[in-house]
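Quick note: the sequence shown, position 260, residue 262 per the numbering used here, numbers continuous.
Everything below concerns the one structure shown next.
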Amino acid sequence: MTSWNIRMNGTNASSTAQETEIDTLYFTVKAIICVITVLGNALVIFLIIKSRRLRVLPNTFIVTLAIADMLVGAIITPTELACKYWNGHCDILLQRLTYDILYHLSATNLCALTLDRFIATVRPLKYPFIMTLEKVVMIELIAWISAGVTSFTSYTLIIHGLSYEGIQILDLVIFQILPSILLVIIYIRMTYVVTKLNKNQIQQINQISFNYGRTVSRGAKTSLTVKMTGVIIIVFISCYILAVGRRLYFLFTRKNIPYPVVRKMSRTLLNVNSAVNVFVYGLMKGDFKKELKRNLKCLYFYSNNNSNSFCEEHMEMRRL
Numbered sequence: 003m004t005s006w007n008i009r010m011n012g013t014n015a016s017s018t019a020q021e022t023e024i025d026t027l028y029f030t031v032k033a034i035i036c037v038i039t040v041l042g043n044a045l046v047i048f049l050i051i052k053s054r055r056l057r058v059l060p061n062t063f064i065v066t067l068a069i070a071d072m073l074v075g076a077i078i079t080p081t082e083l084a085c086k087y088w089n090g091h092c093d094i095l096l097q098r099l100t101y102d103i104l105y106h107l108s109a110t111n112l113c114a115l116t117l118d119r120f121i122a123t124v125r126p127l128k129y130p131f132i133m134t135l136e137k138v139v140m141i142e143l144i145a146w147i148s149a150g151v152t153s154f155t156s157y158t159l160i161i162h163g164l165s166y167e168g169i170q171i172l173d174l175v176i177f178q179i180l181p182s183i184l185l186v187i188i189y190i191r192m193t194y195v196v197t198k199l200n201k202n203q204i205q206q207i208n209q210i211s212f213n214y215g216r217t218v219s220r221g222a223k224t225s226l227t228v229k230m231t232g233v234i235i236i237v238f239i240s241c242y243i244l245a246v247g248r249r250l251y252f253l254f255t256r257k258n259i260p261y262p263v264v265r266k267m268s269r270t271l272l273n274v275n276s277a278v279n280v281f282v283y284g285l286m287k288g289d290f291k292k293e294l295k296r297n298l299k300c301l302y303f304y305s306n307n308n309s310n311s312f313c314e315e316h317m318e319m320r321r322l
């Protein structure tokens with residue numbers, strides 16, 4: 003009996019040590035993602051606020067997405083770490099409610115941004131008349147308010163001891179499954195439209211070149227928008243697929259997945275989505291990259307010459 007207890011104690015100690023190593027790696031990775039998420043999205047917001055050229059109506063969707071993703075990075079990892087080591091001092095239900103709302107905010111704002119790019123691609127001539135300031139505000143209000151509806155409803159039902167399975171299923175469908183399906187449909191439609199436009203454009207360019215004997219270049223802005231949309235769809239689905247699987251497993255079995263590594267990976271991937279969005283929809287855009295390079299040059303000249311003369315001359319040239 004004594005040897006059996008010794009073996010059991012040794013096994014438990016080994017298991018505890020392994021869990022500690024996994025937790026250390028988990029929070030280290032999430033901390034790195036947290037820093038990238040906060041700094042990257044803060045940079046995008048800073049560039050839009052600082053640059054008059056970037057303060058245009060379509061970039062409103064980029065700003066709101068950056069704010070939502072920055073909140074994911076700034077709140078979720080620090081509070082999760084605090085609750086992990088201050089056991090007994092956190093309201094688990096309130097913690098889950100907060101996390102759900104933040105992840106939903108990221109998803110709804112991403113869908114709003116993708117919808118804007120879809121309209122700009124499919125209806126480029128009517129876009130200024132469709133996406134007016136009033137409609138942009140309305141879309142953003144829907145994105146931000148809807149993110150908390152199902153979560154607050156679930157929280158209220160749990161507090162009062164009522165069944166919340168229906169709300170949980172609705173939450174899963176609206177904020178994880180449905181966005182993935184809609185994003186794929188939007189991407190297919192955008193690809194079809196751009197392919198058709200490019201084909202017609204190539205025919206027109208060839209005709210002009212044949213008639214006038216000159217080479218005409220064609221823009222690639224619309225194609226770049228479609229490519230960015232494709233990347234964001236792949237990232238979104240890749241980051242949410244484990245979370246969807248976990249939720250479905252729980253709804254059907256009423257148990258959590260018996261693999262802690264899978265649970266931690268799914269949570270980490272949700273945060274990765276917020277870190278990647280800024281690079282795909284922000285820093286991959288040509289105007290953002292130009293503004294970032296200009297600010298880096300300003301910072302370089304200021305640090306070496308302790309003067310903003312380069313920036314002032316550059317701004318004066320842009321005004322002229």
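C-beta: ideal position from N, C-alpha, C; glycine also.
Please determine, among Pro181, Lys52, Ser268 and Glu167, the residue with the shortest C-alpha to C-alpha distance to threonine 155.
Ranking Pro181, Lys52, Ser268 and Glu167 by Cα distance to threonine 155 puts Glu167 first.
Leucine 107 burial status per 10 Å Cβ neighbour count (16 or more: buried)
By the 10 Å Cβ count, leucine 107 comes out buried.
Presumed contact (8 Å Cβ cut-off) between valine 40 and alanine 76, rounded CB distance:
Sure, about 5 Å apart at Cβ, within 8 Å.
Pull up the CB-CB distance for threonine 110 and serine 148, whole angstroms please, since I reckon it's below 8 Å.
Contact check for threonine 110 and serine 148: beta-carbon distance about 6 Å, within the 8 Å limit, so the pair qualifies.
Give the list of continuous alpha helix (DSSP H) stretches no shorter than 4 residues that lie fully inside the stretch 74-132.
Fully enclosed alpha helix (DSSP H) runs of 4 or longer: 79-87, 94-124 and 129-132.
Quick check: the Cα distance between proline 181 and arginine 54, rounded to an integer number of angstroms?
Near 32 Å, if we compare the C-alpha coordinates of arginine 54 and proline 181.
Taking a contact to mean a Cβ-Cβ separation below 7 Å, would you say valine 228 touches methionine 192 in this structure?
Taking 7 Å as the Cβ cut-off, valine 228 and methionine 192 qualify as a contacting pair.
If you follow the alpha helix (DSSP H) that lysine 257 is in, where does it begin and where does it stop?
That residue, lysine 257, is in no alpha helix (DSSP H); it is neither H nor E in DSSP.
With a 10 Å radius around its C-beta and 16 neighbouring C-beta atoms as the bar for buried, classify asparagine 238 as buried or exposed.
The question names asparagine, but residue 238 in the sequence shown is phenylalanine. Under this definition phenylalanine 238 is a buried residue.
Would you tell me roughly how many angstroms separate the C-alpha atoms of threonine 66 and arginine 119, rounded to the nearest one?
Distance between threonine 66 and arginine 119, taken at the CA atoms: about 15 Å.
Am I right that leucine 95 and tyrosine 157 are in contact with their C-beta atoms under 8 Å? What's the rounded C-beta distance?
For leucine 95 against tyrosine 157, the beta-carbon gap comes to about 6 Å, under 8 Å, which counts as contact.
In the structure shown, what three-state DSSP assignment does glycine 163 receive?
Residue state, collapsed to three classes: coil.
Whose CA, out of Asp289, Ile188 and Leu271, lies closest to the CA of leucine 117?
Taking each of Asp289, Ile188 and Leu271 in turn and checking the Cα distance to leucine 117, the smallest one comes out for Ile188.
For the alpha helix (DSSP H) containing lysine 266, name the first residue and the last one.
Following the DSSP letters along the chain, one finds lysine 266 inside the alpha helix (DSSP H) bounded by residues 262-279.
Outcome for isoleucine 51 when other beta-carbon atoms lying within 10 angstroms are tallied against a minimum of 16
Within 10 angstroms of the beta-carbon of isoleucine 51 lie fewer than 16 other beta-carbons, which makes it exposed.
Measure the C-alpha to C-alpha separation of asparagine 258 and arginine 249 and round it to an integer number of angstroms.
Each residue's alpha carbon lies about 8 Å from the other.
Rounded distance between the beta-carbons of alanine 114 and alanine 145, thought under 8 Å
Yes, alanine 145 and alanine 114 are in contact; Cβ-Cβ is about 5 Å, under 8 Å.
Same chain only: Cβ atoms within 6 Å of tyrosine 251, ignoring 5 sequence neighbours per side:
Only Ile259 meet the Cβ criterion.
Using 10 angstroms around the beta-carbon of valine 58, count the other beta-carbons present and answer buried if the total reaches 16, otherwise exposed.
Flag for valine 58 reads exposed.
Aspartate 102, buried or exposed, once every other Cβ within 10 Å from all chains shown has been counted against 16
Around the Cβ of aspartate 102, a 10 Å sphere holds 16 or more other Cβ atoms; the residue is buried.
Return the residue from the list Ala70, Arg256, Leu272 and Val233 that minimises the CA-CA distance to valine 186.
The shortest C-alpha separation from valine 186 is found at Val233.
Among Pro130, Ala70, Lys295 and Tyr28, which has the Cα closest to the Cα of alanine 277?
Ranked by Cα distance from alanine 277, the first of Pro130, Ala70, Lys295 and Tyr28 is Ala70.
Considering only C-alpha positions, which residue in the set Glu82, Val175 and Ser153 is nearest to isoleucine 26?
A quick correction: the sequence has threonine, not isoleucine, at residue 26. Taking the Cα of threonine 26 as reference, the smallest distance to any Cα among Glu82, Val175 and Ser153 is reached at Glu82.
Going by the beta-carbon positions, is the gap between leucine 104 and valine 74 smaller than 7 Å?
A contact, by the Cβ cut-off of 7 Å.
Classify alanine 245: buried if its beta carbon has 16 or more other beta carbons within 10 angstroms, exposed otherwise.
The residue in question, alanine 245, is buried, as its Cβ has 16 or more Cβ neighbours within 10 Å.
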